[in-house]
Amino acid sequence: MVLTSKERMQAAEEAVGQLKAALTDVGVVFPSLGVDVVSAAGSYGLPLVDLGRCNLDTALRLAAVLHERAHP
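Written as structure tokens, this is what we have:
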């Protein structure tokens, strides 16, 4: 099944929303989380999610959450 441009973008935006909500639930906020516009403009595959840049505190918080999850 081939998705239309609109369906591809909608799927990417939905994934970003779910990821943002999940990160927020564990106290991690990536201020520039979003759909990668360059990959969204293409016609092959789904667009990429751009996690963006984060500060040191956010990186450490994410590492701690992942570590807690890996070693409950």
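Counting in my numbering, the sequence shown runs from 1189 upward without gaps. Glycine is no exception: its CB is placed at the ideal position from the N, C-alpha and C atoms. The structure displayed is predicted, hence computed values, not measured ones.
Whether residue i touches residue j by CB criterion (8 Å)
| i | j | result |
| --- | --- | --- |
| Arg1257 | Val1216 | no |
| Leu1239 | Leu1221 | yes |
CB-CB length for residue i against residue j, believed under 8 Å
| i | j | result |
| --- | --- | --- |
| Val1225 | Ala1203 | So it is not a contact: roughly 15 Å between Cβ atoms. |
| Glu1195 | Val1223 | With a Cβ gap of about 13 Å, Glu1195 and Val1223 do not count as contacting. |
Rounded C-alpha distance that separates residue i from residue j
| i | j | result |
| --- | --- | --- |
| Pro1235 | Ala1210 | 20 Å |
| Met1197 | Lys1208 | 16 Å |
| Asn1243 | Ala1251 | 13 Å |
| Thr1246 | Gly1205 | 18 Å |
Neighbourhood of residue i by C-beta distance below 6 Å, restricted to the same chain and skipping five residues each side
| i | result |
| --- | --- |
| Ser1227 | Pro1235, Leu1236 |
| Val1214 | Val1253 |
Coarse secondary structure for residue i, derived from DSSP in three states
| i | result |
| --- | --- |
| Gly1230 | coil |
| Asp1213 | helix |
| Val1190 | coil |
| Asp1238 | strand |
Cβ neighbours of residue i in the same chain (closer than 7 Å, five flanking residues each side left out)
| i | result |
| --- | --- |
| Arg1241 | Ser1220 |
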